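Written out below as structure tokens is the structure these notes cover.
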Amino acid sequence: MKEHVNAETMTLAEKARLLDESLLALGSVLIAYSGGTDSAFLAFAAHRVLGTGAVAAIADSASLPRAELAQALTFTAEHGIATRVLVTDEVSRPEYARNDSSRCFHCKDTLFQAMETERARLGLAHLAFGMNLDDRGEFRPGQRAAAQHRVVAPLVEAHLTKADIRTLAQEAGLTLWSKPASACLASRIEYGRPVTPHNLRQVEEAEAALHALGFSQVRVRHHGDLARIEIDRADLPRALSAEMLQRFSAALKLLGFTYVTVDADGYRSGSMNAVLPASAIAAAR
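The numbering of the sequence shown is this note's numbering, which starts it at 31 and goes up by one.
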């Protein structure tokens, strides 16, 4: 079926069936699970098809917010998905901590090494991750690590886009179908500034403070003494009131930032990558 499929004319139901077929063909699999919609839906689908032959593995490190870890474990527990928490320490790797354009590669390389050990221990046949069809055109060095470790991407094999996955997750009754995207905390730190447990904690606590003020889609970009806040454009009018700006400043200065600013362009995924030269992006792919 895979050889003759025309992705452009496939219905969502056909893509869903193709996903089930791809997962069934794997036999058993350990899935890289972050708690985001894509990997959560993949873990859910694999559990439905393979039962105990599907296990989710989440990496616990300083770059994962505690709230995200708790939510991820709650989801798999609610759906009876076997889960392993793998403690990773990518921050201790100099090539990761120096925070150049290949940081994501070294993060995923650490994860997949840990997963390969766990896969062998559990006697599972494959590793998989939640890459979707839309991810292929983005700057994601972690995909190179996945290729080197022979990690399969069932969502891509089924020609599922991000929108497809959200629709299928909603149809399955998964509460996180509309969950905002959430990259690791290290992605908030400007390239060239070392990633440390301290500045990761600053970002985590800063974003938690903004969530507490009622802003769901936010990023706090770490530029040393300066915290640059990105907020969903729909929420900018409320964010830019004099009272709210004062609350932002007070909360983030308590965390050690000297200057606090709100980005006029609002939230956009991967905004830190805008400063990377083409040569650095090409080298990290």
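Glycine included, each C-beta is placed from N, C-alpha and C at the ideal position.
In this text, all values refer to a predicted model and were calculated from it rather than measured experimentally.
Does DSSP put residue i in a helix, in a strand, or in coil?
i	result
Glu201	helix
Val225	coil
Pro307	Its pLDDT being 46, under 50, Pro307 is placed unreliably in this model, and the coordinates cannot settle the point.
Ala313	Confidence is the limiting factor: at Ala313 the pLDDT is only 49, short of 50, which leaves the residue's position unreliable, though a coordinate-based value still follows. Correct three-state label for Ala313: helix.
Glu33	Per-residue confidence for Glu33 stands at a pLDDT of 49, beneath the threshold of 50, marking its modelled position as unreliable; no derived number is given.
Under a Cβ-count criterion, where at least 16 other Cβ atoms within 10 Å of its own Cβ denotes burial, should residue i be classed as buried or exposed?
i	result
His228	exposed
Asp194	buried
Lys138	buried
Val79	buried
Gln276	exposed
Ser271	exposed
Asp295	exposed
Asp255	exposed
Gly160	buried
Lys45	buried
Ser309	Note that Ser309 scores 45 on pLDDT, short of 50, meaning its location in the model is unreliable; the coordinates nonetheless yield the value given after this. Ser309 should be labelled exposed.
Arg315	Unreliable positioning characterises Arg315 in this predicted model, as indicated by a pLDDT of 48, which lies under 50. The coordinate reading is nonetheless provided below. Classification for Arg315: exposed.
Glu38	exposed
Pro171	buried
Which whole-angstrom value is the C-beta distance of residue i and residue j, which I expect to be below 8 Å?
i	j	result
Leu215	Glu235	So it is not a contact: roughly 10 Å between Cβ atoms.
Phe245	Ile261	6 Å
Ala87	Ile111	The Cβ separation is near 11 Å, so there is no contact.
Ala102	Tyr63	7 Å
Thr323	Ala89	No answer is possible for residue 323: the residues shown for the chain start at 31 and end at 315.
His241	Val248	7 Å
Leu116	Glu146	11 Å between Cβ atoms; not a contact.
Asn162	Leu185	5 Å
Arg258	Asp293	5 Å
Ser15	Ala211	It is not possible to answer for residue 15, since the shown part of the chain is limited to 31 through 315.
Leu206	Ala70	6 Å
Can you check DSSP and say which residues form a bridge with residue i?
i	result
Val59	Ala84, His156
Ile259	Val250, Val292
Val233	Looking at the DSSP assignment, Val233 forms no beta bridge with any residue, so it has no partner.
Ile195	In the DSSP output, where bridge partners are listed per residue, Ile195 has none listed.
Val182	Ala158
For chain C, find out if any of its Cβ atoms is closer than 8 Å to the Cβ of residue i; answer yes or no.
i	result
Gly296	In the structure shown, chain C does not exist; there is a single protein chain.
Next on the checklist: As an exercise, report each continuous beta strand (DSSP E) stretch of at least 3 residues that is fully enclosed by the stretch 90–128, in chain order.
Outcome noted: Annotation note: the stretch 90–128 contains the following uninterrupted beta strand (DSSP E) runs of length 3 or greater, listed N- to C-terminal: 113–117.
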